[in-house]
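**Student:**
2 protein chains.
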Amino acid sequence: MTALYQDVALRLRRAISDGTYPPGSQLPSEHELAEWFGVARSTIRHALAMLGEDGVVASHRGARRTVLAVPRLQNFGELRSFSLWARSIGAEPSGRVELLERRAATEVQARELGLSADDPVIYVVRVRLLDGKPVMIERTAYVERAGLLLSFVDLERESISERLEEHGIVFAHAEHTIDAVNATPDDARLLAIEPGLALLRERRRATDPRGQALEWSEDRYVGDAVAFTIRNSIALSPLVRDRAATPETAAASTTNSGN
Amino acid sequence: MTALYQDVALRLRRAISDGTYPPGSQLPSEHELAEWFGVARSTIRHALAMLGEDGVVASHRGARRTVLAVPRLQNFGELRSFSLWARSIGAEPSGRVELLERRAATEVQARELGLSADDPVIYVVRVRLLDGKPVMIERTAYVERAGLLLSFVDLERESISERLEEHGIVFAHAEHTIDAVNATPDDARLLAIEPGLALLRERRRATDPRGQALEWSEDRYVGDAVAFTIRNSIALSPLVRDRAATPETAAASTTNSGN
DNA sequence: AGCAGTAGCTTGTACCTACAAGTGGGCCGC
DNA sequence: GCGGCCCACTTGTAGGTACAAGCTACTGCT
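Quick mapping for you: the protein sequence lines, in order, are chains D and P.
Just so we're aligned: the first sequence equals residues 1 to 259 in the UniProt record's numbering.
Just so we're aligned: the second sequence equals residues 1 to 259 in the UniProt record's numbering.
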């Protein structure tokens with residue numbers, strides 16, 4: 001079912017996690033690993049490449065691979081889904097729907113979702129809670145195809161993305177832009193915090209496997225509740241530093257209705 | 001000099017950038033590309049895998065690859081180096097050193113850099129400016145090996161990382177943790193902003209190719225000047241959502257001296 | 001003892017074959 | 001006309017060979 005190289009990668013991950021190859025130590029050579037696992041060197045290399053992408057091992061021509069860090073288990077689903085993430089850290093997620101309506105896309109939404117002006121979107125504002133404490137406001141515009149399925153979802157308790165996947169809507173790629181904003185009076189009310197507190201803002205565009213946009217979201221996290229972590233390296237750097245939020249998106253996102 | 005697959009990847013990137021294969025369109029098959037470029041299919045696959053890691057193309061068994069987005073040129077160096085990044089967006093970077101001293105590592109610094117308690121670090125506080133406007137405070141602890149070379153660097157004008165690489169100190173991996181904090185009075189004074197303004201905080205641990213820690217830094221960006229962007233996908237997700245800054249690091253980083 | 005040169009090991013690159021798994025369009029029958 | 005089936009095409013997986021490039025440890029010379 002799963003590919004051989006994925007199985008090998010998983011077993012290597014486990015070997016690193018359980019201390020067989022602690023951070024700072026060197027891995028056996030590709031040749032040795034291939035012999036032990038009974039696979040070709042190319043398969044071992046494929047598996048090790050995955051660990052390299054996750055920043056778990058470093059490699060250099062001529063020298064054996066070095067273990068950089070213990071692998072983190074978080075996957076794409078946990079990143080996109082608040083519910084999945086919450087449960088993975090042992091907290092109880094819940095949600096409170098502030099707004100749910102079908103309406104014409106704003107200019108920003110149309111551009112980000114690849115729609116024409118005034119095409120309809122499903123707009124949802126939810127406050128997300130961890131163990132009953134509000135930690136995030138989620139203002140999401142779904143394309144009609146995905147959004148219409150929301151009527152089948154119990155938004156207060158269920159994970160939207162989990163249910164959508166059951167209906168054949170699969171989130172496969174995402175682009176996240178992260179900056180910091182002060183809480184507006186509206187934000188403060190919804191999150192039960194002081195106005196002006198620093199919030200971590202994540203604007204996210206998620207697409208299906210074909211690259212068709214499915215949602216555009218503006219999430220605001222309470223600063224002392226959540227952080228994002230990225231690993232990168234010379235070989236692989238998915239993180240980009242940008243200049244300034246553009247004025248129109250900054251202005252458009254200061255109210256509930258303008259996202 | 002450069003590897004074949006890197007050359008192919010570059011040419012494909014350019015073909016996407018210049019509109020030959022616009023976002024949403026489909027790429028030629030691996031077979032066709034291999035023939036056109038005069039290389040093996042495995043080489044084409046290697047190149048396409050790189051584009052996939054950058055979120056530029058999506059691929060699925062059975063169907064041709066889809067172009068997701070125009071590639072961004074930013075590389076690892078531009079992410080680590082404020083100077084390189086600034087010049088790449090056409091702005092003039094500069095810096096103002098507020099503090100530079102050799103002193104014993106704090107508990108946090110020792111843990112992050114893999115040092116023993118009271119091992120010395122070189123601690124630098126710099127305000128970074130874009131076209132003369134302060135946008136970031138950088139509070140960095142260097143391990144002695146790297147930090148001692150700082151005496152050769154003109155900190156007001158030059159890029160630390162560029163000069164260190166000339167001396168054989170190479171930054172190869174980094175782990176970034178991003179959250180939001182309100183500007184302390186100290187931050188506000190250094191950045192010439194109002195206290196309490198939302199700042200984007202990036203804590204960064206960078207290592208050499210072997211995984212040996214070189215620096216631990218806490219950078220604070222003015223929220224409306226800089227944002228970070230990440231692309232990820234089901235296959236590759238270097239981004240991780242974390243719970244809360246730990247109390248000790250949050251407390252330790254509220255003053256100049258405590259980083 | 002100390003140093004330089006080298007031989008062997010290790011990873012990187014490039015090529016190849018073969019087959020599996022999944023897509024999509026065209027053809028055929030109804 | 002329309003729906004279902006099938007086949008050609010496309011990507012994914014797994015294996016292999018050969019050689020290049022770079023590191024390390026050892027040998028042997030001074």
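Ideal placement from N, C-alpha and C gives every residue a C-beta, glycine not left out.
Under the three-state reduction of DSSP, which class applies to ALA104(P): helix, strand or coil?
**Tutor:** Residue mapping note: residue 104(P) aligns to position 104 of the second sequence, counting from 1. In the structure shown, ALA104(P) sits in a strand (DSSP, three-state: E or B).
**Student:** On the criterion of 16 or more Cβ atoms from any shown chain inside 10 Å, does GLY24(D) qualify as buried, or is it exposed?
**Tutor:** Residue mapping note: residue 24(D) aligns to position 24 of the first sequence, counting from 1. GLY24(D) should be labelled exposed.
**Student:** Can you tell me the Cα-Cα spacing of HIS46(D) and HIS46(P), whole angstroms?
**Tutor:** Residue mapping note: residue 46(D) aligns to position 46 of the first sequence, counting from 1. Residue mapping note: residue 46(P) aligns to position 46 of the second sequence, counting from 1. Straight-line Cα distance between these residues: approximately 11 Å.
**Student:** In whole angstroms, what is the alpha-carbon distance linking LEU100(P) and ALA110(P)?
**Tutor:** Translated into the one-based positions of the second sequence, residue 100(P) becomes position 100. Translated into the one-based positions of the second sequence, residue 110(P) becomes position 110. In this structure, the alpha-carbon of LEU100(P) lies about 18 Å from that of ALA110(P).
**Student:** Mind checking who ILE178(D) pairs with in its DSSP beta bridge?
**Tutor:** Counting from one through the first sequence, the residue named residue 178(D) turns up at place 178. Per DSSP, GLU202(D) and PHE228(P).
**Student:** Just the C-alpha distance for GLY52(D) and ALA69(D), rounded to the nearest angstrom, thanks.
**Tutor:** Counted from its first residue, the first sequence places residue 52(D) at position 52. Counted from its first residue, the first sequence places residue 69(D) at position 69. GLY52(D) and ALA69(D): Cα-Cα distance of roughly 11 Å.
**Student:** Would DSSP call THR246(D) helix, strand or coil?
**Tutor:** Start at 1 with the first residue of the first sequence, and residue 246(D) comes out as number 246. The predicted model places THR246(D) with a pLDDT of 36, which falls under 50 and marks its position as unreliable, so this point remains unresolved.
**Student:** Compare the C-beta of GLU53(P) with all C-beta atoms of chain D and state if any pair is closer than 8 Å.
**Tutor:** Along the second sequence, read from residue 1 onward, the residue named residue 53(P) stands at position 53. Taking Cβ atoms only, chain D reaches closer than 8 Å to GLU53(P), which makes this a yes.
**Student:** Determine whether the beta carbon atoms of LEU130(D) and ALA86(D) lie at a separation below 8 Å.
**Tutor:** What you label residue 130(D) is simply residue 130 of the first sequence in a count that begins at 1. What you label residue 86(D) is simply residue 86 of the first sequence in a count that begins at 1. Cβ distance < 8 Å, so LEU130(D) and ALA86(D) count as in contact.
**Student:** Where does LEU130(P) fall in DSSP's three states?
**Tutor:** As a first step, residue 130(P) is located in the second sequence; it is residue number 130 there, counting from the start. Annotated three-state conformation of LEU130(P) is strand, per DSSP.
**Student:** ALA198(P) CB to nearest chain D CB: under 8 Å?
**Tutor:** Position 198 of the second sequence holds residue 198(P). Answer yes: the Cβ-Cβ gap between ALA198(P) and chain D drops below 8 Å somewhere.
**Student:** Leaving out five residues before and five after ARG13(P) in sequence, what residues of the same chain have Cβ atoms less than 6 Å from its Cβ?
**Tutor:** Numbered from 1 along the second sequence, position 13 holds the residue referred to as residue 13(P). PRO71.
**Student:** When the cut-off is 8 Å and only beta carbons count, does PRO185(P) lie next to chain D?
**Tutor:** The sequence position of residue 185(P) within the second sequence is 185, counting from 1. Not one chain D Cβ lies under 8 Å of PRO185(P).
**Student:** Quick check: is the beta carbon of residue 266(D) nearer than 8 Å to any beta carbon in chain P?
**Tutor:** The question about residue 266(D) has no answer, for chain D in this structure spans 1 to 259.
**Student:** If we call anything under 8 Å between Cβ atoms a contact, is LEU113(P) one with TRP216(P)?
**Tutor:** Residue 113(P) sits at position 113 when you count from the first residue of the second sequence. Residue 216(P) sits at position 216 when you count from the first residue of the second sequence. The answer is yes: Cβ separation under 8 Å.
**Student:** Alpha carbons only, please: which of LEU149(P), TYR142(P) and ALA180(P) is nearest the one belonging to ARG205(P)?
**Tutor:** Along the second sequence, one-based indexing puts residue 205(P) at 205. Per the Cα distances, TYR142(P).
**Student:** Grab the span of the alpha helix (DSSP H) containing LEU190(P) for me, first residue to last.
**Tutor:** Within the second sequence, residue 190(P) is the residue found at index 190, counting from 1. Residues 185–191.
**Student:** Straight-line CA distance for ARG210(P) to ALA58(D)?
**Tutor:** What you label residue 210(P) is simply residue 210 of the second sequence in a count that begins at 1. What you label residue 58(D) is simply residue 58 of the first sequence in a count that begins at 1. Each residue's alpha carbon lies about 7 Å from the other.
**Student:** Examine chain P for any beta-carbon lying closer than 8 Å to the beta-carbon of residue 264(D), and answer yes or no.
**Tutor:** Only positions 1 to 259 of chain D appear in the structure, and residue 264(D) is not among them; the question remains open.
**Student:** Quick one: Cα of MET50(P) to Cα of ALA9(P), how far?
**Tutor:** The sequence position of residue 50(P) within the second sequence is 50, counting from 1. The sequence position of residue 9(P) within the second sequence is 9, counting from 1. The alpha-carbon atoms of MET50(P) and ALA9(P) are separated by roughly 7 Å.
**Student:** If contact means a Cβ-Cβ distance below 7 Å, which residues of the segment 107–140 of chain D contact chain P?
**Tutor:** none
**Student:** Straight-line CA distance for ARG102(D) to LYS133(D)?
**Tutor:** If you number the first sequence from 1, residue 102(D) lands on position 102. If you number the first sequence from 1, residue 133(D) lands on position 133. If you take the alpha carbons of ARG102(D) and LYS133(D), they lie about 28 Å apart.
**Student:** Using the Cβ count rule (16 or more neighbours within 10 Å means buried), how would you classify GLY90(D)?
**Tutor:** Against the first sequence, residue 90(D) aligns to sequence position 90. Exposed: under 16 other Cβ atoms inside 10 Å.
**Student:** On the DSSP letters alone, give me the boundaries of the alpha helix (DSSP H) that SER17(D) sits inside.
**Tutor:** The sequence position of residue 17(D) within the first sequence is 17, counting from 1. It spans 4–17 - the alpha helix (DSSP H) in which SER17(D) sits, taken as one unbroken run.
**Student:** Taking only the alpha-carbon atoms, compute the straight-line gap between ASP219(P) and ARG203(P) and give it to the nearest angstrom.
**Tutor:** In the second sequence, counting from the first residue as 1, residue 219(P) sits at position 219. In the second sequence, counting from the first residue as 1, residue 203(P) sits at position 203. Whole-angstrom Cα-Cα distance: 6 Å.
**Student:** GLY223(D) and ALA180(P) - do their beta-carbons sit closer together than 8 Å?
**Tutor:** To locate residue 180(P), count along the second sequence from 1; it is residue 180. To locate residue 223(D), count along the first sequence from 1; it is residue 223. Contact: yes.
**Student:** Does any CB atom of chain P fall closer than 8 Å to the CB of THR66(D)?
**Tutor:** Translated into positions along the first sequence, residue 66(D) becomes position 66. Interface residue, yes.
**Student:** Would you check if the distance between the CB atom of ARG128(D) and the CB atom of GLY95(D) is smaller than 8 Å?
**Tutor:** Looking up residue 128(D) in the first sequence gives position 128. Looking up residue 95(D) in the first sequence gives position 95. Contact: yes.
**Student:** From ALA174(D) to ARG139(P), what distance separates their C-alpha atoms?
**Tutor:** Position 174 of the first sequence, counted from the start, is the residue given in the question as residue 174(D). Position 139 of the second sequence, counted from the start, is the residue given in the question as residue 139(P). Roughly 31 Å separates the two Cα atoms.
**Student:** Is there a Cβ from chain D that is less than 8 Å from the Cβ of ASP179(P)?
**Tutor:** Reading the second sequence from its first residue, position 179 is the one you call residue 179(P). At least one CB of chain D lies nearer than 8 Å to the CB of ASP179(P).
**Student:** Using the beta-carbon of each residue, which ones in chain D are nearer than 7 Å to PRO209(P)?
**Tutor:** Residue mapping note: residue 209(P) aligns to position 209 of the second sequence, counting from 1. Those within 7 Å of PRO209(P) in chain D are ALA58 and HIS60.
**Student:** Taking the alpha carbon of HIS176(D) as the point to measure from, which residue in GLY55(P), PRO195(P), ARG64(P) and VAL121(P) has its own alpha carbon closest?
**Tutor:** Sequence index remark: in the first sequence, residue 176(D) carries index 176 (1-based). Residue GLY55(P) is the option with its Cα nearest to HIS176(D).
**Student:** If I measure Cβ to Cβ from ARG201(P) and keep anything under 6 Å in the same chain, skipping five residues before and after, which residues do I get?
**Tutor:** On the second sequence, position 201 is the one that residue 201(P) refers to. Closer than 6 Å at Cβ, skipping near neighbours: ASP179, VAL181 and ARG220.
**Student:** Could you tell me the boundaries of the beta strand (DSSP E) in which GLU194(D) lies?
**Tutor:** Locating residue 194(D) in the first sequence gives position 194, where the first residue counts as 1. Run containing GLU194(D): none; DSSP gives neither H nor E here.
**Student:** Which residues bound the beta strand (DSSP E) around ALA58(P)?
**Tutor:** As a working mapping, residue 58(P) is identified with position 58 in the second sequence. Following the DSSP letters along the chain, one finds ALA58(P) inside the beta strand (DSSP E) bounded by residues 57–60.
**Student:** Determine whether the Cβ of ALA172(P) lies closer than 8 Å to any Cβ atom of chain D.
**Tutor:** As a position in the second sequence, residue 172(P) is number 172, starting the count at 1. By this cut-off, ALA172(P) is an interface position.
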